[in-house]
Structures are given as structure tokens and as C-alpha cells.
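To start, the structure itself, in C-alpha cells.
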Amino acid sequence: MTDISQSTEPRTPAVPGTSADPRTYDVRTYGCQMNVHDSERISGLMEDAGYVRAADADAADIVVFNTCAVRENADNRLYGNLGHLRPTKLKNPGMQIAVGGCLAQKDRGDIVKRAPWVDVVFGTHNIGSLPTLLERARHNQEAEVEILESLEVFPSTLPTKRESTYAGWVSISVGCNNTCTFCIVPSLRGKEKDRRPGEILAEVEALAREGVLEVTLLGQNVNSYGVEFGDRLAFGKLLRSTGTIEGLERVRFTSPHPKDFTDDVIAAMAETPNVCHSLHMPLQSGSDQVLKAMRRSYRSEKYLGIIDKVRAAMPDAAITTDIIVGFPGETEDDFQRTLDVVRQARFSSAFTFQYSKRPGTPAATMDGQLPKEVVQERYVRLIEVLEEISWAENKRLVGEKVEVLVAVGEGRKDERTGRLSGRARDGRLVHFATGDTTTRPGDIIETVITYAAPHHLNADGAPLSHRRTRAGDAFEAGRTPKLPGVSLGLPTIGVPAPLPAADGCAVR
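With the UniProt record's numbering applied, the sequence shown corresponds to residues 1 to 508, in that order.
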């Protein structure tokens, strides 16, 4: 099904770019890692169509918003930003504005009704249509709204302009088969679709050949990977197979669901040298009653049991989580149970959310919606407990040697402090002194932690070692990987070819 609507806002046709003066674009991203990766695809599509990234985002000929619909303020943020762009659009009628992502999939033609100066609305299932829709809107001088109800091709068939020389996102699945009562994502992203293992490994290998050192495997629920072809152990096999890829030093994944977490994944993490000992596993609540109301399909005992197994296999593992405070019907006793689980789990960090009602979700109409002041007070208490624990966990690393992949944009105070920043293998943020080294994003350093804070570590001594990498060379030269799509389409029916056996030859 395609949803088409038009705008009544007067329009002046945009002037197409020429090879001497190509039109410019800017992509503005809200939300999760999946959206960040989708924005890389949007950039790849735009550049394949002849557009160039704007040096000045405020002067772009085309502005693309890739939106999130998970929280209530996502709507307010989008429409506020669209409102700020209206005077610019009136002054520059050849400018075009496009809105995509989950909020576009949800609001559809309502976006054009609320913001008639928007030129294109596209959904989560038809990112590849954006250049055509922009040209059609320009030619017809009216808004184009196209929303598909299911995927026609897997997004990884699209060209991708990577944002990083050293780290890359790789989708292993899209969509979700869970029915969490607070979540609108399954209705916007659709049912789970799994890529074939060979496609995934081909994309990872292509990134490694370009010098990328770290990949993150992405899915709404990565450890249910294989459900389409009947292999519930497929994710663990996939992790082991990444260990055979030459030059790939770090593998991460996000996010798993506790109900699908199997012992073979823990074994794969522990036994595959390039799989990082970091795990982001959403808890959401420590109360079994609230978990039941959320339809989370696990209880606190199972959750803590998984963490115990992870730490038994990998004592150095850093575990992070998501927690929602103030879900409808949550009592003070329920909240205390969440604090109890937090104290037992000892997370290195957490993404915390105050419950916000999302129209179209079962939770939005549940009894027991809590007053804002109750939710806020509980939220403050949760943050205090989490920060106390994360600070204590980080202090244990003072004096320890860590390997850091140097990053760009991780340290807001780097210029003032003279430090650079990056991520340790366990995912912790490290700000470090460079000493006499000429260190570039994408390089690897080893250093000793000298100070711990709740959300970061400092290393103020000179690095113990500095390894220049191809990723650092690419950053210095201003090159990022731009890959064509892995054009094998959606998975075929039936069991895929077996994954190659892992031989443990990954870089340590």
C-alpha cells in the first residue's frame, strides 16, 4: 500500500544542479543507531544521484530529517525544527525539505498538513525512493508523500556513505516480532526480516578491506536472528564467523532481548577474540509485575541469571542497559524492585527514560498512568543509584592498562584539555593525554587509567604505545568508506548455506 497526498503550500520549482554547481544536501538524524545507519544510506543515495554534502548545513539546498517516534518529544522536536526552517524556505523557494524515518511512517500525510512547506515524506520501508520523490516534487511543484507497508528490498542493497573511517554499522535484520506494550517500533519497522549470513559477512569483509577496525551488528533484536530460516543458534555462529575476517579488530552488537539470549552467544563472545566484552541488554524494569504488563517475556531472575553467566565467562565484561521509569501501574514497591536489580546487576552505564505515552501502543490506554511529579522523583533516585554504581565500577579500573580506539567527537572538552578521546574495548569512554604522539582518529593507543568519573575515564600519562592504522590514514586523507549495496536482496526461502567454521585467527 502507498499513501500519497499533496500540499496546498505555493511552490516555486527548484533549479536542478549541474555538474559545475551541484545541489547540496544535509541529513539531520534523531533516534537510535538504526537511524544513524539509515542516514548513511540516505547520504549514499543522495551522492549517487549527484548531490553533494553541504559545507554549511544552514545553506543546504535539500534538508532531510531522519526521525524517531519512540518518545513524545520526538514529535515536538521535529515540528519545532520544521517551523524554524519555514522562513528559510520562503526566502529560498528552490530549497527542498524531506522527512523520513519512524515518525514519517507514523504521521504520513499529517506532516504535510502540519508543515505544508515540506516537499517529501517517505517511510522506513522506501528509503531508496528519496531521490525520485525529490525530483517528482520539484517537477510537479507539489508535495510527495509515499509510505510503503513492507520492505521491497533489504536496505543494505542501497549505497552507503559511511560517516567513520574506523567504525561501521552493519544491519543483520530489520523489524521486530515482539509486542512490548510501550513500543511503537514494530508497527513502524514491520516484522523481522533477516539477512543471509553470507551477505552480512560480505559487507563486514568489504568494510575491513577499507580499513574499518570495528563493526557493530545492528537489529531491533539481534539475538533472534535466524528466526526466518529456523536456526535459533544463528547469531552465535555469526559472531564466531566475524572472527575469521582479516583486519577486523572489534565486533559489537545491539540490541539483544533477554528472552532470546542463549548460552551459545555467551560462549561465542568469550571465545572469539575480536568480539568485545561489552553487552547492552535492556532491562526496562526490575519488577516482574511491570515486565508482565510490558509483555517483556522474561522476569528479573532470568535477567540476572544471564548477567551471572556473562560475568562467569567474561569477568571483565561491561554491561549496559535501558530502564523505563513510571510505566502505567508502577508502584513504589515495583520501583524498589528495579533499584534492587540495578544494585545486583552493577551496570557500567544505563540509558534511562521517563515513560511517555505513545498513541497507538497498548500502554497508552492502560489504567494507572502516573503523575509527572511521581515519575520525576523516581527518575532522580534511579539516576543517583546508577551513578553511584557506575562510578564505583569505573574506579576499579584506575591503574589498569586499556586499549583505546581513537574517535572523533567523543570528548566535548578535548580542545580545551589537550586530550583526545576514544572507546576502550569494553565500550567505556576514555579521555587520554597524547604525549609526544601524533595520534589520529582510527589509530590505536594503549594507556593507563589515572582517574575515574561516573561516565568516563581519564588517562593523563603518556600513551604506552601508539599504533598507526589504515583507518587513521584514511581519516587524515579525508576519506570515508563508500560502499555499493550488497545487492542480494531479501533472504530467500529455506535454510541458508552454513557459515564458515571459525578458526580463531582474528586480530587480538
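The C-beta atom is built at its ideal place from N, Cα and C for all residues, glycine as well.
| request: For the alpha helix (DSSP H) containing A234, list its first residue and its last residue. | output: Residues 234-242.
| In the DSSP assignment, what residue or residues form a beta bridge with T320? | Its beta-bridge partners are H280, S349.
| With a Cβ-Cβ cutoff of 7 angstroms, do C176 and N140 count as a contact? | Cβ atoms of C176 and N140: not closer than 7 angstroms.
| In this structure, does DSSP put L213 in helix, strand or coil? | Looking at L213 - three-state DSSP - the assignment turns out to be coil, as it is neither helix nor strand.
| query | DSSP three-state call for N223: helix, strand or coil? | reply | The answer is helix: DSSP assigns N223 an H, G or I state.
| said: Would V120 and L134 qualify as a contact pair, given that the criterion is a beta-carbon distance under 7 angstroms? | reply: Yes; because the gap between Cβ atoms is below 7 angstroms, this pair is in contact.
| Can you name, in chain order, every residue of its own chain whose Cβ lies under 7 angstroms from the Cβ of E163, other than the five neighbours on each side? | Taken in chain order, the residues that qualify are E40, T480.
| field | Selection from G399, E249, P328 that minimises the alpha carbon distance to I444 | value | Of the listed residues, the one whose Cα sits closest to I444 is E249.
| field | CA-to-CA distance, G461 to E393, given in whole angstroms | value | Roughly 21 angstroms separates the two Cα atoms.
| message | Is any non-hydrogen atom of the ligand SAH found closer than 6 angstroms to the C-beta of G368, if you look at the structure I gave you? | response | This structure lacks the ligand SAH; in fact it carries no ligand of any kind.
| field | For A208, the three-state DSSP class (helix, strand or coil) | value | Note: A208 maps to helix in three-state DSSP.
| So, helix, strand or coil for residue 511, using DSSP? | Nothing about residue 511 can be read from this structure; the chain reaches only from 1 to 508.
| query | In whole angstroms, what separates the C-alpha of A74 from that of G427? | reply | As the crow flies, the alpha-carbon of A74 is around 27 angstroms from that of G427.
| In angstroms, rounded to a whole number, what distance separates the CA positions of R77 and T321? | So the alpha carbons of these two residues sit roughly 25 angstroms apart.
| Leaving out five residues before and five after S297 in sequence, what residues of the same chain have Cβ atoms less than 6 angstroms from its Cβ? | Cβ within range, chain order: K259.
| query | From which residue to which residue does the alpha helix (DSSP H) around S465 run? | reply | Not the alpha helix (DSSP H): S465 falls in the beta strand (DSSP E), residues 465-467.
| query | By Cβ distance, which residues of its chain are closer than 6 angstroms to L370, with the 5 residues on each side in sequence left out? | reply | If the five residues before and after L370 are omitted, its C-beta is found closer than 6 angstroms to the C-beta atoms of G326, all from its own chain and listed in chain order.
| query | Roughly how many angstroms separate the alpha carbons of R196 and D473, rounded to a whole number? | reply | The alpha-carbon atoms of R196 and D473 are separated by roughly 32 angstroms.
| task | Using three-state DSSP, classify D194 as helix, strand or coil. | result | The three-state secondary structure of D194, taken from DSSP, is strand.
| query | Which residues bound the beta strand (DSSP E) around D460? | reply | That residue, D460, is in no beta strand (DSSP E); it is neither H nor E in DSSP.
| said: Rounded to whole angstroms, what is the Cα-Cα separation between R23 and P93? | reply: One C-alpha to the other measures close to 14 angstroms.
| Buried or exposed (CB count within 10 angstroms, at least 16 for buried), K89 | It counts as buried.
| field | Under the three-state DSSP convention, the category F182 falls into | value | Here F182 sits in coil by DSSP.
| query | What's the call for V380, buried or exposed, on a 16-neighbour Cβ count within 10 Å? | reply | V380 is exposed by the Cβ-count criterion.
| task | Measure the CB-CB distance between D264 and G305 and report whether it falls below 7 angstroms. | result | Using a Cβ distance threshold of 7 angstroms, D264 and G305 do not count as a contacting pair.
| Length of the line joining the Cα atoms of G478 and A364 | Distance between the alpha carbons of G478 and A364: 47 angstroms.
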